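These notes concern the structure reproduced below.
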Amino acid sequence: VDDAIVVTENIYRRWLIDNKITIATAIDAVREVGNPTILATFTVVAALVPMAAVSGMMGPYMAPIPVLGSVAMMFSLFAAFVFTPYFVMKFVPPLNVLHKMHEKEEREGKAMQAFFRSTISKLLNVKAYGMGFLIGLVIVFFLSMSMFYTTAVPVKMLPLDNKSEFGLSLDMPDGTALADTASTLHKMAQILRKVPEVVSIQSYAGTAKPFDFNGLVRHSYLRQNSSEGELQIQLSDKGHRDRSSHEIALEARILVQQVALDVGANYAVVE
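FYI, the numbering for the sequence shown is 1014 to 1284, going by the numbering used here.
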């Protein structure tokens, strides 16, 4: 969109300068902004491409941005040089309309310029205004930084949602029999059933539970060994409980810790 706007505005600008509408002027206007428009487009693409290297949980979230963003930018550049000049000539407004649009833009620009000139001149020439503005900026900066400390603004790449479920992934020592894995999962489930908000628990030993987006990202559907297992914990509706699913998951992690230590297993609570 930006590329097309640049091309369109420059065509109109050249027509106003020449005071006549010609195809030759439109072609030269496109040529005039061609190099900077191409450079700006490739700069944006270069800024997007590194996001494809993001790994971990954020990788699948970020991957569409460099791919789709780069394709969109390149198509925008193509459309600006191929379709935009054609449609500008096809739906060209009369020259007097262009002049009226230019005059209106000049009036608005002068009003804005007058406001900025009066404001900036005071900040530069009157010491009290300048120092007051600078002090105000410093105060606002530290106030905004304090939001991180007070957690008024949560800082997290993937904010936790208050869902009605969470999972537990268990990795027993290699070679563990399926029965032992199932037994450990059963012990953990018995402990977690005592949590008031837990409605039901499903155990999956030697196989993966039905995976959601989280499981798709983590490739949990590949967990098929006898030493691997999972629990799917269902919670009551968030409107019927005081604690969030994250708070309950933190408690669950602590509750089953001893069971995992006793058998030398690794486990993770998955939200």
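Just so you know, even glycine gets a beta-carbon here, dropped at the ideal spot from N, CA and C.
Source: prediction; values computed, not measured.
Buried or exposed (CB count within 10 angstroms, at least 16 for buried), residue i
i, result
"residue 1280", "buried"
"residue 1158", "exposed"
"residue 1119", "exposed"
"residue 1218", "buried"
"residue 1090", "buried"
"residue 1241", "buried"
"residue 1180", "buried"
"residue 1042", "buried"
"residue 1113", "exposed"
"residue 1025", "buried"
"residue 1261", "buried"
"residue 1034", "buried"
"residue 1222", "buried"
"residue 1236", "buried"
"residue 1166", "exposed"
"residue 1086", "buried"
"residue 1164", "exposed"
"residue 1083", "buried"
"residue 1278", "buried"
Length of the line joining the Cα atoms of residue i and residue j
i, j, result
"residue 1229", "residue 1064", "20 Å"
"residue 1094", "residue 1245", "55 Å"
"residue 1203", "residue 1265", "12 Å"
"residue 1068", "residue 1178", "26 Å"
"residue 1133", "residue 1148", "16 Å"
"residue 1263", "residue 1051", "51 Å"
"residue 1126", "residue 1056", "30 Å"
"residue 1110", "residue 1102", "15 Å"
"residue 1175", "residue 1192", "34 Å"
"residue 1130", "residue 1122", "12 Å"
"residue 1081", "residue 1104", "30 Å"
"residue 1038", "residue 1115", "18 Å"
"residue 1137", "residue 1152", "20 Å"
"residue 1196", "residue 1268", "17 Å"
"residue 1257", "residue 1251", "7 Å"
"residue 1215", "residue 1161", "38 Å"
"residue 1092", "residue 1154", "42 Å"
"residue 1254", "residue 1207", "15 Å"
"residue 1128", "residue 1156", "28 Å"
Bridge partner(s) assigned by DSSP for residue i
i, result
"residue 1282", "1181"
"residue 1045", "Residue 1045 pairs with nothing; no bridge assigned."
Residue i - containing beta strand (DSSP E), residue span
i, result
"residue 1217", "1211-1218"
"residue 1244", "1241-1248"
Identity of the residue in the options nearest residue i by Cα
i, options, result
"residue 1201", "1249, 1273, 1132, 1185", "1273"
"residue 1047", "1123, 1252, 1146, 1097", "1097"
"residue 1211", "1183, 1259, 1232", "1259"
"residue 1100", "1231, 1263, 1226, 1018", "1018"
"residue 1016", "1054, 1208, 1282, 1136", "1054"
"residue 1072", "1255, 1231, 1276", "1231"
"residue 1234", "1026, 1051, 1182, 1128", "1182"
"residue 1045", "1021, 1056, 1058, 1033", "1021"
"residue 1239", "1031, 1151, 1128, 1194", "1194"
"residue 1106", "1028, 1138, 1247", "1028"
"residue 1205", "1142, 1282, 1058", "1282"
"residue 1220", "1214, 1243, 1199", "1243"
"residue 1247", "1151, 1084, 1092, 1284", "1284"
"residue 1040", "1209, 1023, 1030", "1023"
"residue 1185", "1059, 1275, 1086", "1275"
"residue 1031", "1164, 1215, 1163, 1108", "1108"
"residue 1270", "1255, 1059, 1198, 1257", "1198"
Extent of the continuous alpha helix (DSSP H) run through residue i
i, result
"residue 1125", "1108-1138"
"residue 1203", "1191-1205"
"residue 1103", "1077-1103"
"residue 1025", "1015-1031"
"residue 1231", "1226-1231"
"residue 1270", "1270-1276"
Interface flag, residue i vs chain C, CB-CB below 8 Å
i, result
"residue 1028", "Note that chain C does not occur in the displayed structure, where there is just one protein chain."
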